[in-house]
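So the protein lines, in turn, are chains A and B. Anchor point for the first sequence: position 393 equals 467 in this note's numbering, and the numbering is continuous, going up by one each time. Anchor point for the second sequence: position 560 equals 634 in this note's numbering, and the numbering is continuous, going up by one each time. The beta carbon of each residue, even a glycine, is placed where N, CA and C say it ideally should be.
Number of protein chains: 2
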Amino acid sequence: MRLNRIVPKWIKNYQRQWLHADMTAALVSGMLLVPQGLAYALLAGLPPHVGLYASLIPLIAYATFGSSSAMSVGPAAVLSLMTVSALSPLAAVGSPEYITAAIMLTLLSGVFLFAMGLFKLGALSNLLSHPVINGFVSGAAALIIVGQLPAILGVEADGETASVKLFHVIENLPQAHIPTMAFGIATAILLITSRLWLPITLFRLGVPKQIARLSARLMPMLLVLCAIGLVHWFKLEDKLVIVGNIPSGLPKLILPGFDGGLIYQLLLPALIIALLGFVESLSIAQSLAARRGERLNADGELLGLGAANITSAISGGLPVAGSFSRTAVNAEAGAVSPLAGVLAALLMIPILLYLTDLFSKLPLTVLAAIIIVAAAGLFDFRGFIHNWRYDRTDGIAMACTFAGVLLFGVEVGIALGIGLSFATLIWRSSRPHIAVVGRVPGTEHFRNVLRHDVETQSDLLFLRIDESLFFNNISAVEDRLLSELKRHPATRELVLILSSVSRIDGTALERLHQINKDLRSRDIRLHMAEVKGPVLDRLSRSKLLEKLTGRIFLSAYIAELALLHGEDPAAAADTAT
Amino acid sequence: MRLNRIVPKWIKNYQRQWLHADMTAALVSGMLLVPQGLAYALLAGLPPHVGLYASLIPLIAYATFGSSSAMSVGPAAVLSLMTVSALSPLAAVGSPEYITAAIMLTLLSGVFLFAMGLFKLGALSNLLSHPVINGFVSGAAALIIVGQLPAILGVEADGETASVKLFHVIENLPQAHIPTMAFGIATAILLITSRLWLPITLFRLGVPKQIARLSARLMPMLLVLCAIGLVHWFKLEDKLVIVGNIPSGLPKLILPGFDGGLIYQLLLPALIIALLGFVESLSIAQSLAARRGERLNADGELLGLGAANITSAISGGLPVAGSFSRTAVNAEAGAVSPLAGVLAALLMIPILLYLTDLFSKLPLTVLAAIIIVAAAGLFDFRGFIHNWRYDRTDGIAMACTFAGVLLFGVEVGIALGIGLSFATLIWRSSRPHIAVVGRVPGTEHFRNVLRHDVETQSDLLFLRIDESLFFNNISAVEDRLLSELKRHPATRELVLILSSVSRIDGTALERLHQINKDLRSRDIRLHMAEVKGPVLDRLSRSKLLEKLTGRIFLSAYIAELALLHGEDPAAAADTAT
Chain A
75 MRLNRIVPKW
85 IKNYQRQWLH
95 ADMTAALVSG
105 MLLVPQGLAY
115 ALLAGLPPHV
125 GLYASLIPLI
135 AYATFGSSSA
145 MSVGPAAVLS
155 LMTVSALSPL
165 AAVGSPEYIT
175 AAIMLTLLSG
185 VFLFAMGLFK
195 LGALSNLLSH
205 PVINGFVSGA
215 AALIIVGQLP
225 AILGVEADGE
235 TASVKLFHVI
245 ENLPQAHIPT
255 MAFGIATAIL
265 LITSRLWLPI
275 TLFRLGVPKQ
285 IARLSARLMP
295 MLLVLCAIGL
305 VHWFKLEDKL
315 VIVGNIPSGL
325 PKLILPGFDG
335 GLIYQLLLPA
345 LIIALLGFVE
355 SLSIAQSLAA
365 RRGERLNADG
375 ELLGLGAANI
385 TSAISGGLPV
395 AGSFSRTAVN
405 AEAGAVSPLA
415 GVLAALLMIP
425 ILLYLTDLFS
435 KLPLTVLAAI
445 IIVAAAGLFD
455 FRGFIHNWRY
465 DRTDGIAMAC
475 TFAGVLLFGV
485 EVGIALGIGL
495 SFATLIWRSS
505 RPHIAVVGRV
515 PGTEHFRNVL
525 RHDVETQSDL
535 LFLRIDESLF
545 FNNISAVEDR
555 LLSELKRHPA
565 TRELVLILSS
575 VSRIDGTALE
585 RLHQINKDLR
595 SRDIRLHMAE
605 VKGPVLDRLS
615 RSKLLEKLTG
625 RIFLSAYIAE
635 LALLHGEDPA
645 AAADTAT
Chain B
75 MRLNRIVPKW
85 IKNYQRQWLH
95 ADMTAALVSG
105 MLLVPQGLAY
115 ALLAGLPPHV
125 GLYASLIPLI
135 AYATFGSSSA
145 MSVGPAAVLS
155 LMTVSALSPL
165 AAVGSPEYIT
175 AAIMLTLLSG
185 VFLFAMGLFK
195 LGALSNLLSH
205 PVINGFVSGA
215 AALIIVGQLP
225 AILGVEADGE
235 TASVKLFHVI
245 ENLPQAHIPT
255 MAFGIATAIL
265 LITSRLWLPI
275 TLFRLGVPKQ
285 IARLSARLMP
295 MLLVLCAIGL
305 VHWFKLEDKL
315 VIVGNIPSGL
325 PKLILPGFDG
335 GLIYQLLLPA
345 LIIALLGFVE
355 SLSIAQSLAA
365 RRGERLNADG
375 ELLGLGAANI
385 TSAISGGLPV
395 AGSFSRTAVN
405 AEAGAVSPLA
415 GVLAALLMIP
425 ILLYLTDLFS
435 KLPLTVLAAI
445 IIVAAAGLFD
455 FRGFIHNWRY
465 DRTDGIAMAC
475 TFAGVLLFGV
485 EVGIALGIGL
495 SFATLIWRSS
505 RPHIAVVGRV
515 PGTEHFRNVL
525 RHDVETQSDL
535 LFLRIDESLF
545 FNNISAVEDR
555 LLSELKRHPA
565 TRELVLILSS
575 VSRIDGTALE
585 RLHQINKDLR
595 SRDIRLHMAE
605 VKGPVLDRLS
615 RSKLLEKLTG
625 RIFLSAYIAE
635 LALLHGEDPA
645 AAADTAT
């Protein structure tokens with residue numbers, strides 16, 4: 075019975091006819107997992123085989139808990155960048171301390187994710203707005219590209235910041251290592267052109283559309299194999315920097331030792347990696363689920379990603395998340411269920427057992443080219459233009475996050491972005507939109523006098539407040555109210571239309587008391603219309619309602635009838651909306 | 075011409091018959107300025123005469139720029155506490171370095187205030203909600219009282235935190251210095267009883283009400299003079315700790331030397347002092363202006379307080395702000411114009427020239443009693459109960475700020491309070507209120523189905539969203555929308571009523587696109603009603619409107635007519651509100 079609950083739903087519902095599609099998808103995405111795993115492990119400052127280890131058990135763990143049908147979990151470029159950025163201040167890249175720290179970082183972020191899943195904190199993904207995510211990913215992509223330039227060009231270039239590094243790359247370009255550069259740039263060009271033209275060319279040659287598209291996705295593996303062949307046949311091992319010895323065999327599972335100091339130092343980076351890995355995976359899984367008409371369970375995703383990272387930690391230490399490119403490949407290849415992910419993972423077993431020697435001859439410049447082309451695909455220029463056009467503040471948040479990542483690194487960049495988007499939220503709510511409204515002739519509707527031809531009365535002023543009333547905007551409301559009264563000096567009855575006011579906090583309530591008192595001394599009565607139920611409930615707990623010089627009306631129209639003509643429809647008694 | 079613009083308005087409009095009232099008020103509030111100035115300087119860890127200096131030129135500077143008619147600016151208990159808390163980590167209290175730092179702190183906060191005034195940043199006061207201010211002031215009052223217990227009881231008590239200090243006070247109580255304790259406690263009891271009963275008693279004895287009330291306010295000065303008399307006649311100088319030598323003469327104005335490191339260390343405390351001084355002064359001035367039917371200019375207040383602090387810095391270094399107690403006295407005594415403040419300041423001149431010897435014999439325990447009684451008046455229990463009842467989150471913000479000040483000090487406490495109130499704002503906006511609504515039979519009004527007897531249609535679902543749509547709440551909206559569709563499976567037409575939606579950001583827009591697409595595949599059309607003008611303007615810049623499966627309606631009623639009966643009033647074309 076209990077065991078039955080642990081077995082994932084998709085296994086119980088599995089239909090035999092899905093198997094063929096899942097196997098095809100597994101093969102194709104497995105072919106992408108190998109080069110990406112090697113490349114992203116290297117990007118994270120870890121031995122390349124850790125990338126293969128991270129593509130084995132974690133994928134099975136995700137399939138056990140996760141809820142997305144075809145998302146491909148595994149090494150991801152941005153997380154690898156965040157790993158090296160979090161760990162390089164703590165230990166020399168590649169040192170045993172570095173690897174221990176990487177294992178701990180991955181474990182912690184896995185534990186965070188799993189715990190967030192258990193506590194059903196999927197809503198935490200709402201901390202990040204799309205523009206902030208886009209700006210962050212674009213900035214990370216730029217950092218990744220600059221970071222790989224020395225490897226692809228065969229130049230020496232150090233530097234704390236991306237701009238210094240870029241400067242050194244350009245400065246040392248004349249000393250570039252020609253074979254490295256030739257291999258790297260050729261790979262990059264082949265990758266880009268194959269992605270752009272290969273599918274169309276194959277399609278025109280009569281290849282079915284889907285196969286034509288998938289063939290472009292197989293290019294990374296093909297190029298890796300070609301490069302290995304070239305190195306082998308032309309004995310280029312001494313001319314190029316190659317991956318070097320990859321231990322053969324399956325990963326040995328080890329739990330890291332407890333180190334309180336290290337854990338403390340890694341808490342924040344692990345949390346950020348967990349959050350970003352989750353948000354990125356969720357947006358990938360969501361767009362997939364939407365296209366397939368499936369429902370996604372954010373808390374299930376957390377559990378899946380948590381389990382994947384915990385198992386990735388004990389099998390080597392590279393943080394994993396959903397990968398945009400592999401998920402696209404997996405879905406295109408027809409993956410129906412998480413079994414595709416499991417089968418792709420199982421593909422790693424023969425590779426780890428029998429093919430590690432093969433990959434040891436892979437030149438690093440080829441991996442750098444793969445990383446650069448993948449990172450270039452993460453840029454989102456269109457998103458920026460789109461955001462900028464639709465909402466200037468979104469565009470600014472995106473640009474600032476991008477610049478923050480480039481100038482101050484990934485952690486400061488993301489903090490800046492989150493801070494900025496919340497500051498915008500607060501800033502907007504502190505400048506509420508307030509409209510003087512009048513009645514559309516012949517109807518019961520009240521509309522903004524600036525946008526519509528409406529009827530107004532000289533001694534009756536209707537103000538619609540388009541925001542909840544809080545400590546941070548009540549002064550602005552009061553200022554506007556007084557300036558409108560100055561512009562309408564004949565006003566004797568002021569009606570506040572509160573149809574958009576969902577809350578009035580204590581500070582705002584006090585000020586309303588004061589406004590009511592001030593207006594009384596100026597012989598102006600204060601009324602309210604269209605007060606929402608929850609607001610009225612709360613107001614009736616205060617003394618404002620009994621001290622109010624005016625009345626509460628169900629609607630602006632009823633208020634006008636009552637105040638102009640003394641008519642008082644029975645409905646006026648019924649005030650809550 | 076230019077000079078004319080500098081002369082404050084109140085001088086130009088001054089009317090001769092005001093002079094009598096202003097002079098009376100000046101005399102009464104000047105009598106309060108002396109003991110408070112001495113006490114608050116001592117509280118700030120500065121020589122007592124600095125408090126008198128801070129009551130001279132700063133008051134004149136405020137009257138030149140400020141806009142409040144009767145607010146009494148000068149030393150204030152809470153600012154003195156913040157001064158000692160900011161400076162004691164930097165220098166030994168009372169040392170020359172401490173005094174230099176105090177001058178710099180006051181100067182910086184003055185410059186901040188003045189600059190905020192020049193840039194018209196009066197709206198910054200909205201950073202602080204009333205509950206946070208109340209919690210902060212109450213916490214500061216508790217710290218002040220505990221800090222003065224050793225002085226009033228004549229016990230030794232050290233301790234980093236208030237609770238440790240309180241514990242030591244209680245522990246060392248048996249060693250208390252009896253004469254000190256007797257003087258101090260007698261002063262405190264006389265102050266409290268005179269405030270509670272003196273006005274009523276005098277009033278019953280036939281004294282006019284106003285004079286009876288003012289007499290209680292003169293008690294601090296009277297008690298100071300009595301204590302000095304007792305010390306003098308009974309030769310208690312050696313038995314009690316007294317104020318000691320006060321230099322005679324007017325303040326010598328000195329500009330502090332430039333010290334970059336010191337300035338850097340003081341920037342944050344100075345900013346907090348400036349902000350809190352401003353917010354407190356503004357709320358005092360506002361409640362006064364409201365009672366008098368005057369308009370207050372927040373930016374003018376900033377300039378006035380800035381000028382007051384800059385001049386206070388160069389005449390000794392005690393931060394100044396509006397004082398609640400003195401303002402009340404000043405207003406009660408009939409102050410009509412800022413001249414009352416100027417005259418009260420001028421009263422300091424003879425005191426500084428001829429009476430400093432007199433005050434040198436004042437026992438410190440008397441000043442401690444004055445501080446304690448003043449601080450006790452700052453507690454706001456009623457405000458707490460009130461906040462707690464009206465809005466639980468306000469009550470929590472107040473309690474947390476109070477506890478934060480007590481446990482972690484004034485700066486952490488205020489940061490906690492501000493952070494908490496903004497977090498609440500964000501938290502609320504991320505859980506939007508959404509109501510399923512139906513039409514009130516026989517009307518055009520749509521109301522919450524849970525609160526009203528309304529008509530609904532099985533294939534038509536009306537949802538009213540009561541919050542602007544942002545990245546942090548769009549998921550919650552989507553979840554609710556899908557769960558309502560599950561509960562109303564017959565729905566073919568979904569109408570979102572956006573009467574409360576003032577903005578839709580880019581993230582929310584993308585998700586709406588997705589929702590529209592998802593619903594299309596489920597054969598449900600998505601409509602919108604009561605879309606506000608600014609929202610519609612912005613939406614028409616995106617592609618949502620053209621992709622929308624449904625339509626935009628002026629009102630929910632029109633939507634129902636059109637969708638149920640195919641009726642399509644001409645007004646439906648007119649969509650902006």
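Does DSSP put B/F352 in a helix, in a strand, or in coil?
helix
In angstroms with no decimal places, state the Cα-to-Cα distance between A/L490 and A/T475.
6 Å
In whole angstroms, give me the CA-to-CA distance for A/Y631 and B/S386.
57 Å
Residue span of the alpha helix (DSSP H) that contains A/P608, given as start and end:
607-613
Taking DSSP as the reference, what is the three-state secondary structure of A/I571?
Strand, per DSSP.
Are the region 320-339 of chain A and the region 237-250 of chain A touching by the rule of at least three beta carbon pairs closer than 8 Å?
Too few Cβ pairs lie closer than 8 Å, so no.
Based on the DSSP output, what are the partners of B/F627 in its beta bridges?
B/A603
Is any beta-carbon of chain A found at less than 8 Å from that of B/L583?
yes
When the Cβ atoms of the region 141-151 of chain B are set against those of the region 107-115 of chain B, are three or more pairs found closer than 8 Å?
yes
Looking at the structure shown, is A/G148 part of a helix, part of a strand, or coil, going by DSSP?
Strand at A/G148.
Tell me the start and end of each unbroken beta strand (DSSP E) in the region 75-161 of chain B that is at least 3 residues and wholly inside, in chain order.
147-149
Give the single residue among A/L537, A/A231, A/G125 whose Cα lies nearest to the Cα of A/G512.
A/L537
Residue-chain proximity (B/R577, chain A), Cβ-Cβ < 8 Å
yes
Taking only beta carbons into account, state which residues of the region 481-496 of chain A come closer than 8 Å to chain B, listed in chain order.
S495, F496
Host alpha helix (DSSP H) of A/F681 (start-end)
Because chain A here runs from 75 to 651, residue 681 of chain A falls outside it and cannot be looked at.
Reference B/W501, options A/Y172, A/L133, A/A197, A/I320, closest by Cα
A/A197
Compare the C-beta of A/F455 against all C-beta atoms of chain B and say whether one is closer than 8 Å.
no
Give a yes or no on whether 8 Å exceeds the smallest Cβ distance from B/L499 to chain A.
yes
Pick helix, strand or coil for B/N200, following the three-state DSSP scheme.
helix
Let me check one thing: in DSSP terms, what residues is A/E529 bridge-paired to?
A/R513
For B/G580 and chain A, any beta-carbon pair shorter than 8 Å?
It does; some Cβ of chain A falls within 8 Å.
Near A/A359, what residues of its chain come up, given a Cβ to Cβ distance below 7 Å and the 5 sequence neighbours on each side ignored?
S142, M145, L370, E375, G396
Give a yes or no on whether the C-beta atoms belonging to A/A301 and A/F257 are separated by under 8 Å.
yes
Distance cutoff 8 Å, beta carbons only. Does A/A197 sit that close to anything in chain B?
yes
For A/F193, go through chain B and note every residue whose CB falls closer than 8 Å to its CB, in chain order.
Those do not exist, as A/F193 stays about 16 Å from chain B at its closest Cβ, beyond 8 Å.
Pop quiz: A/A382 and A/Y136 are said to be a contact at Cβ under 8 Å. What is the actual Cβ separation, rounded to whole angstroms?
4 Å
If you reduce the DSSP assignment to three classes, tell me which class A/F536 lands in.
Correct three-state label for A/F536: strand.
Neighbour flag for A/Y40 against chain B, beta carbons, 8 Å:
Residue 40 of chain A lies beyond the stretch modelled for chain A, which goes from 75 to 651, so this question has no answer here.
Delimiting residues of the alpha helix (DSSP H) encompassing A/A407
No alpha helix (DSSP H) contains A/A407, which DSSP labels as neither H nor E.
Chain-ordered chain A contacts of B/N590 [CB-CB under 7 Å]
The contacting residues do not exist; B/N590 stays about 11 Å from chain A at best.
Amino acids of chain B, ordered along the chain, whose beta-carbon sits closer than 8 Å to that of A/P608:
Those are H507, listed as they occur along chain B.
What residues from chain A crowd round B/P205, counting only those whose CB sits closer than 9 Å?
F545, D579, G580, T581
Determine the chain A residues that contact B/H562 at a beta-carbon separation under 7 Å, and present them in chain order.
From the beta-carbon of B/H562, no residue of chain A is found nearer than 7 Å; the closest lies around 17 Å away.
Between A/T305 and the rest of its own chain, which residues show a CB-CB distance below 8 Å, the 5 nearest in sequence each way excluded?
The question names Thr, but residue 305 of chain A is Val in the sequence shown. The answer, listed in chain order, is E311, L314, I316, K435, L436, P437.
Reducing DSSP to helix, strand and coil, say where A/L635 ends up.
helix
For A/L292, which of helix, strand or coil comes out of DSSP?
coil
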